[in-house]
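K.L.:
Residue numbers (the numbering used here): 120 to 351.
Every residue, glycine too, gets a C-beta built ideally from N, C-alpha and C.
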């Protein structure tokens with residue numbers, strides 16, 4: 120089913136766009152899908168459609184709307200340079216509040232029949248982790264979330280089940296960083312970690328050179344099993 124763009128009210132009286140993709144049955148559990156730094160681009164919309172085909176009502180919000188609404192970049196040099204500028208200029212606290220508003224809007228949609236989870240990639244992986252700490256979602260999935268190791272102070276606040284995917288070759292998130300995150304969740308039965316040998320940062324994105332089909336397929340299967348156990 121083709122996706123549509125909807126408007127979500129923000130906490131400060133404004134509004135922002137989100138890409139909504141519905142499952143073939145028209146209803147199901149909710150999933151907030153958080154973009155990488157290139158915006159809600161063709162790849163993220165396709166990933167949203169993938170999860171919709173698996174039976175989830177998927178909502179992918181425009182994280183950069185406060186800086187540049189409707190960001191939709193490609194993976195060339197200019198697009199990547201712009202993406203990093205937007206990431207560096209992101210207002211983190213407001214972004215988390217916008218994601219809380221997204222989760223609330225998703226819960227209120229008539230198509231959502233179950234619980235609501237979140238999955239995010241790269242910058243979105245970190246935001247997925249931060250959203251989990253607010254209690255606004257029932258589970259979280261973090262794909263190679265850059266910077267989580269620098270925000271471990273919020274780890275004790277995370278009471279919902281949380282799943283982490285990392286690439287063993289990821290220079291942005293070295294093994295020491297992964298170990299630090301693991302350490303913060305030691306003894307927590309609600310956290311699960313997977314590190315993919317031979318996989319680099321961004322291994323799920325088929326539009327980039329570091330795409331790794333095996334790691335992407337494994338991680339996707341594990342994510343679907345996780346979501347089916349926690350929000351379906």
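Taking the alpha carbon of residue 344 as the point to measure from, which residue in 280, 294, 272 and 292 has its own alpha carbon closest?
P.N.:
Walking along the chain shown from the start, residue 344 turns up at place 225. Per the Cα distances, 280.
K.L.:
Using the rule of at least 16 other Cβ atoms within 10 Å of the residue's Cβ for burial, across every protein chain shown, is residue 172 buried or exposed?
P.N.:
Locating residue 172 in the chain shown gives position 53, counting from the first residue. Burial check for residue 172: the Cβ neighbour count within 10 Å stays below 16, so the residue is exposed.
K.L.:
Give me the Cα-Cα distance between residue 75 and residue 220, rounded to the nearest whole angstrom.
P.N.:
Examination of residue 75 is not possible in this model, given that the chain is present from 120 through 351 alone.
K.L.:
Would you decide whether residue 316 is buried or exposed? Buried here means 16 or more other CB atoms lie within 10 Å of its CB.
P.N.:
As a working mapping, residue 316 is identified with position 197 in the chain shown. Label assigned to residue 316: exposed.
K.L.:
Below 8 Å, how does it come out for the stretch 235 to 252 and the stretch 202 to 219: are there three or more Cβ pairs, yes or no?
P.N.:
yes
K.L.:
Would you check if the stretch 232 to 242 and the stretch 149 to 164 touch, i.e. whether three or more CB-CB distances between them fall below 8 Å?
P.N.:
yes
K.L.:
Restricting to runs no shorter than 3 residues, where is the beta strand (DSSP E) found entirely within the stretch 227 to 283?
P.N.:
231 to 240 and 258 to 262
K.L.:
So, under 8 Å CB-CB, residue 175 and residue 142 are touching, yes? Tell me the CB distance rounded to an integer number of Å.
P.N.:
As a first step, residue 175 must be located in the chain shown, where it is residue number 56. As a first step, residue 142 must be located in the chain shown, where it is residue number 23. Yes, they are in contact, since the Cβ atoms of residue 175 and residue 142 sit about 6 Å apart, within 8 Å.
K.L.:
Within the continuous alpha helix (DSSP H) that includes residue 198, where are the two ends?
P.N.:
Counted from its first residue, the chain shown places residue 198 at position 79. From DSSP, the alpha helix (DSSP H) with residue 198 extends over 196 to 207.
K.L.:
So residue 332 is in the alpha helix (DSSP H); what residue range does that whole segment cover?
P.N.:
Mapped onto the chain shown, residue 332 falls at position 213. Its alpha helix (DSSP H) spans residues 332 to 349.
K.L.:
In angstroms, rounded to a whole number, what distance separates the CA positions of residue 136 and residue 351?
P.N.:
Residue 136 sits at position 17 when you count from the first residue of the chain shown. Residue 351 sits at position 232 when you count from the first residue of the chain shown. In this structure, the CA atom of residue 136 is about 26 Å from the CA atom of residue 351.
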